[in-house]
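Beneath this line is the structure, given in structure tokens, with notes to follow.
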Amino acid sequence: MRGARRRAAALLTAPALAGASALLWAAAGAEAIQLKDAPGRDLTTGRCIICHSLEYIPSNAPAMNRAGWQKSIQKMKDRFGAPITDEEAKQILDYLDGSYSGKS
Amino acid sequence: MVTRRELLLGTAGGWLLERVWAGEGAGSAAADTLTALAGKKPLIRRALRPPNFETPLADLAAPFTRNDAFFVRYHLAVIPHVDAAAWRLQVAGASAQHPLSLSLEELRSGFEQVSVVAVNQCAGNRRGLFTPRVPGVQWGNGAMGNARWRGVRLRDVLNRAGMAPEALEVVFDGADSPVLPGTPDYLKSLPVERALDENTLIAFEMNDQPLPHWNGAPARLIVPGWVGSYWVKHLTAIRIEPQAFDGFWMKAAYRVPTGAFPGRRFASQENAETTPVTELMVNSLITSHVSGARLRRGERVELGGKAWDSGAGIEAVEVSADGGQSWRDATLQRDLGRFAWREFRFDLDTSRPGPLNVAVRARSRSGAKQPDKLTPNPSGYHDNIVQTVSLEVA
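Going line by line, the protein sequences match chains A and B. If you're matching positions, the first sequence starts at 1 in the working numbering and goes up one per residue. If you're matching positions, the second sequence starts at 1001 in the working numbering and goes up one per residue.
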């Protein structure tokens, strides 16, 4: 069902939606986890939480390495339209690989 | 259907949990977090948003999985609470000669009502048990359940809409939608022959109750024998089309290497490399015991569980208590229908102390058996390998 979203998207830019979404989650106290503290955490949190809760990151860590995270970030950008610049993608990759690569 | 205000507030309201309860439940691993969505009992939380909640093992022991215990699986985070009184189902497309717009009442009263008992299982059920690990929602055994689904036959609705002979696929859209404009909406298609199968339903009841919100209210698609990804929730639009649907969730997701698995082919969506996941594989689950359980020597212990396939029905369930050297038939319980799971029971021999490794394997009336080895595939689908629980008699 796209109509509703289109109407909403016409009123709100993606970053505004992202901000609203993150604020709502914080306000509701519904976000269950925080990501590990390391450079890039806030950027990663802010971009990922637009569309999904953060649990996906630690739960997928055992299946991930740098190449896996690279593929995942690329998919979010290219297939799902995540508003992530190339520079941000690199920072997010460094953070996720450094903190959540569990695949041997 | 959703205003900006609802998107920002109402939808978020829908996320608010009635209560959050973390702890260890029967049959769930210690690391699992149990959380209750509104209207649901505490379920294993794989992700909060989009909500992906798994049924604990203890709740898979009953013949019918309770509505408040049934697993929840979403791809996209904007999930409106659909007003059943205002809801309409559009049936159109290039191969629909008489497009329809139906209210829930028109759907209920305008077509013959039928019901089917069927397993609804996520294609990625057990992904979290894959070795080596693969990315995706890390489901254990509980991205599945068995329910009685009541509704109308999809084919009756398609025929009323004047389905043209050249129709190739039928495309389904639900009320859930993505947060970002660039994210593909969740649409799935079925080949016409499966859409016209008498068991494919548009259901509005689950276990004699209206569909719960988190399971697709007010109406969802039921495709018995096929993986849950086709069972589109909160159905809003059906399109009958003369060509293959090229949406992301058909062309790029829910696919396995071509030829890697048995099961019905979806020819118009297949290419040389990959093909859509379609039918369920024959499978079984021990629900009475988990590894680590201790049994008292000499006491009567009944092993119990469920076996299911894609609709041929279960022919036999065999149990081995000696590491797979010898197998004996379990007793099959009541047959709830060929798309339902079949309960099995087996008396364990507790006369000798020591480890007791119990394996279960099901055989379909189609002849298909559960394999010993996993067939690797990048997205972690179709884990139906023989499972073993390690018990201890003392």
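We put the CB at the ideal spot given by N, CA and C, even for glycine. Here the structure is a predicted model, which is why all the values come from computation and not from measurement.
- Proximity to threonine 1131 of chain B across B/Val1171, B/His1289, B/Val1389, B/Lys1373 peaks at B/Lys1373, based on C-alpha coordinates.
- Going by C-alpha positions, serine 1103 of chain B is about 23 Å away from arginine 1148 of chain B.
- Here the alpha carbons of alanine 1077 of chain B and serine 53 of chain A stand approximately 9 Å from one another.
- Valine 1157 of chain B is not a Cβ neighbour of isoleucine 1240 of chain B, given a cutoff of 7 Å.
- In the same chain as threonine 1388 of chain B, and ignoring 5 residues on each side of it, the C-beta atoms closer than 7 Å to its own belong to Asn1357, Val1358, Ala1359, in chain order.
- Around the Cβ of threonine 85 of chain A, a 10 Å sphere holds fewer than 16 other Cβ atoms; the residue is exposed.
- For leucine 1187 of chain B, the enclosing beta strand (DSSP E) stretches over residues 1187–1191.
- Methionine 1250 of chain B: member of the alpha helix (DSSP H) spanning 1248–1251, first to last residue.
- Counting only runs of at least 3 residues, the stretch 1340–1378 of chain B fully encloses the following beta strand (DSSP E) elements, listed from N- to C-terminal order: 1342–1348, 1354–1364.
- When Cβ-Cβ separations below 7 Å define contact, glycine 98 of chain A makes no contact with chain B.
- Sequence-distant partners of glutamine 91 of chain A (beyond 5 residues in either direction) whose C-beta falls short of 6 Å from its own C-beta, in its chain, are Gly40, Leu43.
- The DSSP-derived three-state label of glycine 1259 of chain B is coil.
- In chain order, Arg1046, Arg1127, Gly1128 place their CB closer than 7 Å to the CB of glutamine 1138 of chain B, counting only its own chain and leaving out the 5 sequence neighbours on each side.
- Residue environment: glutamate 1279 of chain B is assigned as buried (16 or more neighbouring CB atoms within 10 Å of its CB, all protein chains considered).
- Closer than 7 Å at the C-beta level to chain B, one finds these residues of the stretch 55–71 of chain A: Glu55, Tyr56, Ser59, Asn60, Pro62, Ala63, Met64, Gly68.
- For proline 58 of chain A, the closest C-alpha among the options A/Lys36, A/Asp78, A/Met76 is that of A/Lys36.
- Look at the beta carbons and you see the stretch 1279–1289 of chain B touching the stretch 1304–1312 of chain B: at least three pairs across the two are nearer than 8 Å.
- If you check each beta-carbon in the stretch 1047–1072 of chain B against every beta-carbon of chain A, the ones closer than 7 Å belong to Ala1047, Leu1048, Arg1049, Pro1050.
- In the three-state scheme derived from DSSP, where H, G and I count as helix and E and B as strand, threonine 1275 of chain B is classed as strand.
- Lysine 71 of chain A is classed as exposed because its beta carbon has fewer than 16 other beta carbons within 10 Å across all chains shown.
- Taking the CA atoms as reference points, alanine 1167 of chain B sits about 7 Å from valine 1192 of chain B.
- Taking a Cβ-Cβ threshold of 9 Å, the residues of chain B close to cysteine 51 of chain A are Arg1049, Pro1050, Leu1076, Ala1077, Pro1178, Val1179, Leu1180, Thr1183, in chain order.
- In terms of beta-carbon proximity, valine 1319 of chain B stays away from the interface with chain A, with every pair separated by 7 Å or more.
- Counted as a single uninterrupted DSSP element, the stretch harbouring tryptophan 69 of chain A is not any beta strand (DSSP E) but the alpha helix (DSSP H) occupying residues 66–78.
- 7 Å or more divides the Cβ of asparagine 1120 of chain B from the Cβ of alanine 1143 of chain B.
- The beta carbon of alanine 1195 of chain B sits closer than 6 Å to those of Leu1154, Val1170, all from its chain and outside the five residues before and after it, given in chain order.
- Leaving aside the five residues that flank proline 1371 of chain B on each side, the residues in its chain whose CB is nearer than 8 Å to its CB run, in chain order, Asn1384, Ile1385, Val1386.
- It is roughly 14 Å from the alpha-carbon of threonine 1183 of chain B to the alpha-carbon of lysine 1251 of chain B.
- Under the three-state reduction of DSSP, arginine 1108 of chain B is assigned to helix.
- What arginine 1255 of chain B touches in chain A, judged by beta-carbon distance under 9 Å, is nothing: the nearest beta carbon there is about 14 Å away.
- The criterion of a C-beta distance shorter than 7 Å is satisfied by isoleucine 1238 of chain B and valine 1091 of chain B.
- Under the 10 Å beta carbon count, proline 1051 of chain B is surrounded by 16 or more other beta carbons and is classified as buried.
- Beta-bridge partners assigned by DSSP to isoleucine 1240 of chain B: B/Val1170.
- Using a 10 angstroms sphere on the CB of alanine 1086 of chain B, the tally of other CB atoms stays under 16, which defines it as exposed.
- The beta carbon of valine 1170 of chain B does not come within 7 Å of any beta carbon belonging to chain A, so the residue lies off that interface.
- Counting only residues of its own chain and dropping the five nearest sequence neighbours on each side, glutamine 1243 of chain B has a CB closer than 7 Å to the CB of Leu1168.
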